[in-house]
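Student: Just so you know, we're using the working numbering here: the sequence shown kicks off at 3 and counts up by one.
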Amino acid sequence: MQSTRTLKDRIFLVMKGLGMGAANKVPGVSGGVVAFVAGFYEEFIYSLQRVNKTALKLLLNGRFKSFYRYINGKFLALLFLGMIVSYFSVSKILDYFIKHYELYVWSLFFGMIIGSIYYINKDFKDWNFKSILSLIIGISLGIAISFLDPAMENDNLLFVFFCGIISVSGMTLPGFSGSFILILLGNYILLLVDSVNALYDTFSEIITGDFSFIQNEVRVRLLKVLTMFTLGSVVGLVSFSHVLSYVLKHYKSITTASIIGFIIGSLGVVWPWKKTIFKTEVDGNFLLDSRGQKIILNYERFLPQMDSQTSIAIGYIILGIIVVLALERYGQYTKKAHE
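#1: Taking the C-alpha atoms as reference points, what is the distance between N199 and S133?
#2: Does the distance from the CB of I314 to the CB of G113 come in under 8 angstroms?
#3: Can you tell me the Cα-Cα spacing of K251 and T258, whole angstroms?
#4: Output the boundary residues of the alpha helix (DSSP H) element that contains I279.
#5: To the nearest angstrom, how far is the alpha carbon of K276 from that of T312?
#6: Measure the Cβ-Cβ separation of G21 and L175 and say whether it is below 8 angstroms.
#7: Check each candidate in G19, F90, N54 and name the one with the smallest Cα separation from S1.
#8: For A328, which of L78, Y98, G117, L186 has the nearest alpha-carbon?
#9: Bridge partners of E302, per DSSP?
#10: Does the structure place the region 209–221 close enough to the region 183–194 that three or more beta carbon pairs sit under 8 angstroms?
#11: Roughly how many angstroms lie between the CA atoms of Y121 and W129, to the nearest whole one?
#12: Could you work out which residue in F126, E219, I138, V227 is closest to S255 when comparing CA atoms only?
#13: With DSSP as the reference, label Q307 as helix, strand or coil.
#14: Which residue from S88, L143, I73 puts its Cα closest to that of G267?
#15: With 16 other CB atoms within 10 Å as the buried threshold, where does N74 fall?
#16: Just to check my reading of the structure: G180 and M173 have Cβ atoms closer than 8 angstroms, yes? What is that Cβ distance to the nearest angstrom?
#17: Would you decide whether D196 is buried or exposed? Buried here means 16 or more other CB atoms lie within 10 Å of its CB.
#18: Where does F164 fall in DSSP's three states?
#19: Given a threshold of 16 other Cβ atoms within 10 Å of its Cβ, counted over all protein chains shown, does K124 qualify as buried or as exposed?
#20: Measure the C-alpha to C-alpha separation of L224 and V162 and round it to an integer number of angstroms.
Next comes the structure, spelled out in structure tokens:
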């Protein structure tokens, strides 16, 4: 799987990491779709699958170079660099646009997912009873998940660890949005907003020589939560990669059909024309969590009326499709360049 990469390839790999990181933070969008469409999904799963007993032995024996080569370290390092930068930069930009231009952001992602379905399906020819059944099951699960009611926030560290294992599935399983699962589990704001911001603020204070955060109970709690979430994510990432590596090797057609189904089912989550429904008390006031945030009950989806805003939204859907097709072209180009 390893190959010599030019400087241009390395820069693009970091950019792909940026895309995966941003996608993982947006509810309804899967970072795995970015990997699938950009043409490095199998290398990503293969590299993660190499984090095994052999890799651990190399690490414990101090053979760091051998460990780095064995796990395809250059590839993973560049990709995760992009993801980390994304969580503290691109994702903040996305947060701004979702807040101020929500319809257009969801329209863009809706178009990208449609493009992803076309991309994955166009070369898939192995349609039979088993693959069609897998497709139907994938669609059904995707739709069912999109209509579940979110739970209440829970900062119990064991539950947070579980959230990390489940949410990271969006990186390895295209169409399965880890961030949307966190909304259903009630911990999206806690784990992907408050905890990440707490880490950012802590680093900023440490750089200036300010260590007062140690006395800040709320900050320390959030850092503990983020640490446990990260540990769960690492465990989940490695575990899922081993499972997916096996099923891709032995049941590739069924797995691919299921992935197509998941992605089709996820269209309901990113449907651009929807209204957020918040939980209310008996007197009609909004029910707030411990930080004063409105608690999401679910989403009400509706058909749009044709007006200028809808026309622009449709334009963004088309743009999303074009972006995916452009990524596909680039993926084919780089694949041929390395053959």
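Ideal placement from N, C-alpha and C gives every residue a C-beta, glycine not left out.
Tutor: Taking the coordinates as given:
#1: 43 angstroms
#2: no
#3: 11 angstroms
#4: It is not in any alpha helix (DSSP H) - I279 instead sits in the beta strand (DSSP E) that spans 276–280.
#5: 13 angstroms
#6: no
#7: Any question about residue 1 goes unanswered here, given that the chain covers just 3 to 341.
#8: G117
#9: K277
#10: no
#11: 16 angstroms
#12: F126
#13: coil
#14: L143
#15: buried
#16: 7 angstroms
#17: buried
#18: helix
#19: exposed
#20: 11 angstroms
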